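Q:
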Amino acid sequence: MSEEKQVKIVTRFAPSPTGFLHLGAYRTAIFSYLHAKKNGGRFILRIEDTDKERSKKEFEENIIESLKWLGLGYDELYRQSKNVARHKFFLEKMIKEGSAYISNEEAKDGTEVIKEIVRFKNPNIDVTFTDVIKGEVTMNTKDLGDFVLAKNLSEPLFHLAVVVDDFEEGVTHVIRGEDHVSNTPRQILIQRAIGAPTPIYAHLPLVLGSDKLKLSKRRGALPISAYQTQGYLPEAILNGIAFVGWNPGGEQEIFSHDELVQSFDLSRVQKSPAIFNEEKLEWFNKEYIKKLSSEEIEKNILARLPEKLQNKKLVSLIFERINKWGDVESMVGAGEFDFFLHAPKYDKAKLIFKNSNVEKTKKSLELAIKVLSDLTEENFDIENIKSALMLVAEQLETRGELLHPVRFALTGRDKSPDPFIVASVLGKNETMSRLQKAI
Ligand code: GLU
């Protein structure tokens, strides 16, 4: 057995609460979480709120709620603003040791105020690091000059704060977006100056939309809470986002939280940009809602139907056509069920099936009325309606000859749920009256 001391893996998700985060950011959170949990490590949430003007409580709460909803439990929660004393400590230490200095500079806004900016004494060297995803990366730091570490001793800026916090929180793996690659050499220089170990880096390729363009607030990148509002299941979102630019290999796509933890492998993250596809996310969601009990499905659908449409018979026909609960409201909103509420108005000519004619159509409708009138009010259910109508429909040249005018008379739509379900929901009286009116 190896005597080597096993260092526990610590990852972190370090969002700035300056806006609603979209799924690209949550993908970073998911990968960081999975990598820690897969390896028996710890996952930290660090709110990077040092920018006091832009950081908002509202965004912070949204991040915390969203992680909870996704089931990404963190072992610790830090707020960067609470660590300013330690940032200052390291700034002073660096100044004392000569790796940083205070530079008296005029404020950029042209006022006469002189600021005591803390700058890093850049050794102007090549910095090389190994990235789990990108491989070996070398960057020259000469062009960066003596970059700024803090606006003053009590107002640290991003690079310093990140390095100090990662060091003090024992972060072993920095998993973050590719947009941070160019920051890494600066942060490594600071680590060396304060005697902090360099963590292992994994910079995740960008997430692009299906049009290969960058996701942005205006382009399809919604906060996670918006998916919650649209009636997605958190398990589906977790699974769906984890699969943006990563998969464990093999055919299986549906992975529970625990299965994701077991199968996650950071080195399998795709090197090219990941493509996010909304339809695929809907597919994931449908797979997950299909697994729910029929009671659960019924409860969720009925909860989104207006009072006048509270009918259990509608549940299965609606379920066939939705991917997420919010689709129920969209369908209602689009008037797709209006024919259940009142008799449809339509163009008479549309009652006629393809190459049929008025006479044949009238005959079909009369036949339908005849067979349906044999059913009692109590027997007027999907099964009985179907067998009654099919019996006569099968005798015609094509079934559409009868089924089309019946459907159209009941719904006034070319595309609608099948006429048997519609008739059973409408009930015998209303069905008969609509068929009669069509004749
Ligand atoms: N706070 C930074 C951001 O929101 C992330 C810093 C990091 O991951 O190192 O982009």
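The opening residue of the sequence shown carries number 10 in this note's numbering; numbering runs sequentially from there.
Even glycine gets a Cβ: it sits at the ideal position worked out from N, Cα and C.
The structure displayed is predicted, hence computed values, not measured ones.
Roughly how many angstroms separate the alpha carbons of isoleucine 284 and leucine 224, rounded to a whole number?
A: 10 Å
Q: Taking the straight line between their C-alpha atoms, what separation do you get for glutamate 316 and histidine 189?
A: 51 Å
Q: Which one of Ser425, Leu398, Arg422 and Thr420 has the shortest CA to CA distance from leucine 412?
A: Here the closest residue by C-alpha is Leu398.
Q: By alpha-carbon positions, which one of Leu326, Val253, Ala202 and Leu81 ends up nearest to serine 219?
A: Shortest Cα-Cα distance from serine 219 to any of Leu326, Val253, Ala202 and Leu81 involves Val253.
Q: Here's a check: name, in chain order, each residue in its chain whose Cβ is nearer than 6 Å to the Cβ of lysine 437, leaving out the five neighbours to either side.
A: Excluding positions up to five away in sequence, the list reads Glu386 and Phe389.
Q: Are the beta-carbon atoms of aspartate 140 and histidine 212 separated by less than 8 Å?
A: yes
Q: Report back the beta-carbon spacing between threonine 193 and phenylalanine 138 to the nearest angstrom; my notes put them in contact at under 8 Å.
A: Right, their Cβ atoms sit about 6 Å apart.
Q: Ignoring anything shorter than 3 residues, give me the beta strand (DSSP E) runs that lie fully in the region 30-83, in order along the chain.
A: 51-56
Q: Is any non-hydrogen atom of the ligand GLU found closer than 7 Å to the C-beta of alanine 109, if you look at the structure I gave you?
A: no
Q: Using a Cβ-Cβ cutoff of less than 6 Å, which residues in the same chain neighbour phenylalanine 362 once the five nearest sequence positions on both sides are dropped?
A: Gly409, Glu410 and His413
Q: At the level of alpha carbons, what is the spacing between glutamate 288 and isoleucine 391?
A: 32 Å
Q: Mark isoleucine 250 as exposed unless 16 or more other C-beta atoms lie within 10 angstroms of its C-beta, in which case mark it buried.
A: buried
Q: Please return the same chain residues whose Cβ sits closer than 7 Å to the Cβ of isoleucine 310, not counting the five positions on each side in sequence.
A: The answer, listed in chain order, is Val324, Ile327, Phe328 and Val337.
Q: Can you tell me which of the three DSSP states lysine 91 falls into?
A: helix
Q: Just to confirm, are glutamate 178 and tyrosine 83 a CB contact at a threshold of 8 Å?
A: no
Q: Quick one: residues in its chain with C-beta nearer than 8 Å to the C-beta of leucine 166, no 5 flanking neighbours on either side, listed in chain order?
A: Thr59, Val157, Leu158, Ala159 and Lys160
Q: Could you please give me the residues that DSSP links to glycine 107 through a beta bridge?
A: Answer is none; glycine 107 lacks a bridge partner.
Q: Taking only runs that begin and end inside the region 341-386, name each unbroken alpha helix (DSSP H) of 4 or more residues, in chain order.
A: As far as the region 341-386 is concerned, its whole alpha helix (DSSP H) runs of at least 4 residues are 347-350 and 367-382.
Q: Going straight from the alpha carbon of aspartate 135 to that of phenylalanine 22, what length do you get?
A: Their backbone Cα atoms lie some 28 Å apart in a straight line.
Q: Does the Cβ-Cβ distance between valine 380 and leucine 400 come in under 8 Å?
A: yes
Q: Pick from Pro26, Trp78, Phe429 and Ile18: whose alpha carbon is nearest that of leucine 247?
A: Trp78
Q: Our contact map puts alanine 418 next to leucine 444 with C-beta atoms below 8 Å; I'd like the distance itself, whole angstroms only.
A: 5 Å
Q: Mark isoleucine 263 as exposed unless 16 or more other C-beta atoms lie within 10 angstroms of its C-beta, in which case mark it buried.
A: exposed
Q: Can you give, in chain order, each stretch of the alpha helix (DSSP H) that sits fully within the region 212-239 and has at least 4 residues?
A: Correct list: 233-238.
Q: Please work out which residues of its chain come closer than 8 Å, Cβ to Cβ, to glycine 186, disregarding the five sequence neighbours upstream and downstream, and give them in chain order.
A: Gly33, Ala34, Thr37, His212, Leu213 and Leu215.
Q: Once the 5 residues before and after leucine 318 are set aside, which same chain residues still bring their CB inside 8 Å of it?
A: Val341, Phe346, Phe349 and Leu350
Q: Evaluate glutamine 261 with the Cβ neighbour count: other Cβ atoms within 10 Å of its Cβ, from every protein chain shown; 16 or more gives buried, anything less gives exposed.
A: exposed
Q: Out of curiosity, what's the CA-to-CA distance linking glutamate 439 and glycine 421?
A: 14 Å
Q: What are the boundary residues of the alpha helix (DSSP H) that aspartate 327 is part of?
A: The sequence shown places isoleucine at residue 327, rather than the aspartate named in the question. Per DSSP, isoleucine 327 belongs to the alpha helix (DSSP H) from 322-330.
Q: Using DSSP bridges, identify the partner residues of histidine 182.
A: Thr20 and Ile209
Q: Per DSSP, what kind of secondary structure is asparagine 286 in: helix, strand or coil?
A: Three-state result, asparagine 286: coil.
Q: Assign glutamine 89 to buried or exposed, taking buried as 16 or more other Cβ atoms, counted over all protein chains shown, within 10 Å of its Cβ.
A: With at least 16 other beta carbons inside 10 angstroms of its own, glutamine 89 counts as buried.
Q: With which residues is lysine 201 paired in a DSSP beta bridge?
A: It is arginine, not lysine, that sits at residue 201 in the sequence shown. Under DSSP, arginine 201 takes part in no beta bridge, so it has no partner.
Q: Below 8 Å on the Cβ atoms is my contact criterion, and I expect proline 26 with glutamate 85 to pass it. Report the Cβ-Cβ distance as a whole number of Å.
A: Incorrect: roughly 17 Å between the Cβ atoms, too far for contact.
Q: DSSP three-state label for glutamate 406, please.
A: coil
Q: Would you say the region 237-245 touches the region 293-301, given that touching needs at least three Cβ pairs under 8 Å?
A: yes
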